[in-house]
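What follows is a short report on a single structure.
Protein chains: 2
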Amino acid sequence: MAITLTQQGLRDLAEGAAVLGTGGGGDPHIGHQLVLHQLRAGRKVHIIGIDELPDDALVLPSAMMGAPTVFIEKLPSGRGNITALRALEKHLGRTAAATMPTESGGLNSMIPLLLGAQLDLPIVDADGMGRAFPELQMETWNVHGVSGSPMAIASDHGDVCLIDTGSDNIRMERRARAMTIEMGGAAYICDYPMDAATVRRTSIPGTLTLAMKIGAALRQARLRHYDPFQALTAALADTIYSHGLLLFAGKVVDVDRRTVAGFARGTVTLDDQGEQMTLTFQNEHLIAHRNGQVAAIVPDLICTLNSETGAPVTTEALRYGQRLSIFAISTPDLMRTPAALDCFGPAAFGLTEPYTPLEQLAVTLAPTGEHDPGTGLEAVTPAGLRAHPGTR
Amino acid sequence: MAITLTQQGLRDLAEGAAVLGTGGGGDPHIGHQLVLHQLRAGRKVHIIGIDELPDDALVLPSAMMGAPTVFIEKLPSGRGNITALRALEKHLGRTAAATMPTESGGLNSMIPLLLGAQLDLPIVDADGMGRAFPELQMETWNVHGVSGSPMAIASDHGDVCLIDTGSDNIRMERRARAMTIEMGGAAYICDYPMDAATVRRTSIPGTLTLAMKIGAALRQARLRHYDPFQALTAALADTIYSHGLLLFAGKVVDVDRRTVAGFARGTVTLDDQGEQMTLTFQNEHLIAHRNGQVAAIVPDLICTLNSETGAPVTTEALRYGQRLSIFAISTPDLMRTPAALDCFGPAAFGLTEPYTPLEQLAVTLAPTGEHDPGTGLEAVTPAGLRAHPGTR
Chain A
1 MAITLTQQGL RDLAEGAAVL GTGGGGDPHI GHQLVLHQLR AGRKVHIIGI DELPDDALVL
61 PSAMMGAPTV FIEKLPSGRG NITALRALEK HLGRTAAATM PTESGGLNSM IPLLLGAQLD
121 LPIVDADGMG RAFPELQMET WNVHGVSGSP MAIASDHGDV CLIDTGSDNI RMERRARAMT
181 IEMGGAAYIC DYPMDAATVR RTSIPGTLTL AMKIGAALRQ ARLRHYDPFQ ALTAALADTI
241 YSHGLLLFAG KVVDVDRRTV AGFARGTVTL DDQGEQMTLT FQNEHLIAHR NGQVAAIVPD
301 LICTLNSETG APVTTEALRY GQRLSIFAIS TPDLMRTPAA LDCFGPAAFG LTEPYTPLEQ
361 LAVTLAPTGE HDPGTGLEAV TPAGLRAHPG TR
Chain B
393 MAITLTQQGL RDLAEGAAVL GTGGGGDPHI GHQLVLHQLR AGRKVHIIGI DELPDDALVL
453 PSAMMGAPTV FIEKLPSGRG NITALRALEK HLGRTAAATM PTESGGLNSM IPLLLGAQLD
513 LPIVDADGMG RAFPELQMET WNVHGVSGSP MAIASDHGDV CLIDTGSDNI RMERRARAMT
573 IEMGGAAYIC DYPMDAATVR RTSIPGTLTL AMKIGAALRQ ARLRHYDPFQ ALTAALADTI
633 YSHGLLLFAG KVVDVDRRTV AGFARGTVTL DDQGEQMTLT FQNEHLIAHR NGQVAAIVPD
693 LICTLNSETG APVTTEALRY GQRLSIFAIS TPDLMRTPAA LDCFGPAAFG LTEPYTPLEQ
753 LAVTLAPTGE HDPGTGLEAV TPAGLRAHPG TR
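Residue numbers (my numbering), protein chains in the order written: chain A, 1 to 392; chain B, 393 to 784.
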């Protein structure tokens, strides 16, 4: 089921990936423009299924690393990604058969597409996060014991750095973060070099086509004046991300955002007639509190979407006065195992709240009449709130 | 003239290298112990002349990078140096025929000896600074257009990073400095991979044997109760470091030292009956002011030596109340060319004072009777103050 991407497919993919980016993963407009430029120049983007490569084919995932707040001030040139891939190929003494995203996000789902178009390299329809996470060890690949090393990290100045921390992917993250900061807060990486058999065994499959489906659902909803959140819920219902729930809709009354230690960190607070929802983020949204109570928590997805259009708003674009809807999406089961939660569950971010599956929190905290955020949960959950086997 | 190092030769070399380290280059006791441990275990240190390798033999210089203030709190284990060399060899696809120091210094003249003993690799009797300098681009190799990249940088944890900034050695310094800080403020490097013909063309020759000569002169002076400063001056007179001058002797009355951005920076002030000398350092001493007037300036060597024994005192070991003598040494002519001064002259350190050769400053500022620091300059300059062709 190889896909050659059209311009409309690209628009859908960029927008859908930014929904899965859960506030992070970079700005979809920048990502879209980078790849659109390639399509307009006659280059092709070939997305291939996770089963379409021979077991021993080398796959080199590609991404940008850094604070999204930096990407929007220092636009990616689309050169450092080639530098990083070529350096890692040379170091390994092997040629990549394909690239793939490390995460789903408005920019980071696009970087492998850009690289694929530039080098005529297919892109595997899968990634290692199934959403966006802020740190390099927060990959299902790491959960399954894949070494992120050796990795390449490049700037737009032609220089490159190869980092090898053996099997210690947390140390790799620390070393690469320091180098990203030194490179100006944003850099191109190729990490977790893998054969295709390992990609199949350890990745979240189908996230590029899922992003296209999400983007198409939002586009169709706008065209036909459907409720975009109902459209999203419907689009997700038959996927491994089965629950899509509108948690809150309101006006942004406070944004506290700093670029610290190479990350965009902060909180955003929304208000709806005295009801409040506060999101805490580290590049991505980590936890949502409604009037002080947990409404959704990492690794479930917490998405900030424009209340009128459903368009994703990334953490670096949050502004006072925006009308936003907080839409949460359940992560696939393979991201809720104890090993997965050790790697990217609440404690990995220093949160003291335990992980509770979104759909379970939704039942507990389902708004009563007086707390109704404007759109009843039931109305946007076609299949109702099915019991879901949480892992803890 | 290959030398197999004896324990006494090692002691002399460590002490003499610390004199050439001009306050930096690391603690000679630590360096000495690291190599002594190898000699006691029966391993050999073979120092070879700069002419003893075939033109195309690969030489990989080795050193430690970081703030000397860190080395004395976090002792080198002598593992990361092997990690760095092996990683660079693998990356280049070639095996090193020899290693060599990047600079002269109490620790950094020892690291290649340690590596040579561990891996049975000869050490070339030369280096790229002819003293110690704080930054990686401050090498005669760089002055002659040799690329420092690719370089390897390793911690004691087994992880390693390869940095390639093409021909931009200043960018290499910045990237490597960030990684050194991330690695805890001290790291092992192998940089400026060169063939032996390039080593011959671009290095300061004979600095290991010069360090042994300096160390032996100090040892003999102590044994025979000679003035150590006269002994130093005599030992230097027939070398390319022709002028050795005692500038000042006094008591340390102030030390202002911070570890900033990966360097030990600060000033030390000495007093002798109201006369004062202040040294400013960045790992190494950069400029000496006597009562506000420049008495010596980088790249000439400004050495802080114990007033009684002549033993070098590195910047991290400076303490209030020490009785120190400030001994300056003229750099070889090949380090005073306009290109060399661009690379490691006063302006490269942000100093506004112009470079003036030590021997010229000494004539201008020769102490009068009332300013006599205790030891007359004439008495320690056997050949008198010969006119020396300064380059600017």
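No residue lacks a Cβ here, since even glycine has one placed at the ideal position from N, Cα and C.
Taking 8 Å as the cut-off, the Cβ atoms of A117 of chain A and L58 of chain A do not count as close. Judged by DSSP secondary structure, Q674 of chain B falls within the beta strand (DSSP E) whose first and last residues are E667 to Q674. If you look at M543 of chain B, you'll find it in the beta strand (DSSP E) that goes M543 to A546. Here the alpha carbon of T202 of chain A sits roughly 48 Å from the alpha carbon of S501 of chain B. Secondary structure of Q752 of chain B (DSSP, three-state): helix.
Put simply, of A:R174, A:Y226 and A:L245 the residue whose alpha carbon is nearest the alpha carbon of T233 of chain A is A:L245. For R174 of chain A, at least one C-beta of chain B is nearer than 8 Å to its own C-beta. For V294 of chain A, the enclosing beta strand (DSSP E) has its first and last residue at Q293 to I297. Here the alpha carbon of S242 of chain A sits roughly 30 Å from the alpha carbon of P193 of chain A.
Per DSSP, reduced to three states, the secondary structure at G80 of chain A is helical. CA-to-CA, the gap between N675 of chain B and A459 of chain B works out to about 7 Å. Excluding residues up to 5 positions away in sequence, G418, D419, I422, M456, L499, A578 and E708 lie with their Cβ nearer than 8 Å to the Cβ of F463 of chain B in the same chain. In this structure, the beta-carbon distance from R616 of chain B to D404 of chain B does not fall below 8 Å.
When C-alpha distances from R265 of chain A are compared across A:D256, A:D272, A:Q273 and A:D271, the shortest belongs to A:D256.
Look at the region 631 to 664 of chain B: it has no residue with a C-beta under 7 Å from a C-beta of chain A. Scanning A:A17, A:G21 and A:Q8 for the CA closest to the CA of R40 of chain A turns up A:Q8.
Under DSSP, H677 of chain B takes part in a beta bridge, and its partners are B:F673. When DSSP states are grouped into helix, strand and coil, G66 of chain A belongs to the strand group. Judged by DSSP in its simplified three-state form, F525 of chain B adopts coil rather than helix or strand.
Closer than 9 Å at the C-beta level to chain A, one finds no residue of the region 506 to 537 of chain B. Ranking B:P468, B:F719, B:A613 and B:L710 by CA distance to the CA of L693 of chain B puts B:F719 first.
Bridge pairing for T659 of chain B: B:D648 and B:T672 [DSSP]. When only Cα atoms are considered, M172 of chain A and Q137 of chain A end up about 8 Å apart.
For the region 569 to 584 of chain B, the set of residues with a beta-carbon nearer than 9 Å to any beta-carbon of chain A comprises R569, A570, M571, I573, E574 and M575, in chain order. Rounded to the nearest angstrom, the gap between the Cα atoms of I297 of chain A and P61 of chain A is 27 Å.
Per DSSP, reduced to three states, the secondary structure at P228 of chain A is helical. Closest in C-alpha terms to K90 of chain A, from the list A:D55, A:G350 and A:M151, comes A:M151. Any Cβ of chain A closer than 8 Å to the Cβ of G472 of chain B would place that residue at the interface, and such an atom is absent.
In the structure shown, K436 of chain B falls within a coil segment according to DSSP collapsed to helix, strand and coil. About 5 Å separates the beta carbons of P205 of chain A and I50 of chain A, which is inside the 8 Å limit, making them a contact pair. For V552 of chain B, the nearest CB of chain A lies under 8 Å from its own CB, placing it at the interface with that chain. Annotation: the continuous beta strand (DSSP E) that includes D164 of chain A extends over V160 to D164. Counted as a single uninterrupted DSSP element, the stretch harbouring I464 of chain B is not any alpha helix (DSSP H), since DSSP gives it neither H nor E. The beta carbon of I562 of chain B does not come within 8 Å of any beta carbon belonging to chain A, so the residue lies off that interface.
In summary, the residues of the region 85 to 96 of chain A whose CB is separated from some CB of chain B by less than 9 Å are A87, K90, H91 and G93, in the order they occur in the chain.
In terms of beta-carbon proximity, D164 of chain A lines the interface with chain B, with at least one pair separated by less than 8 Å.
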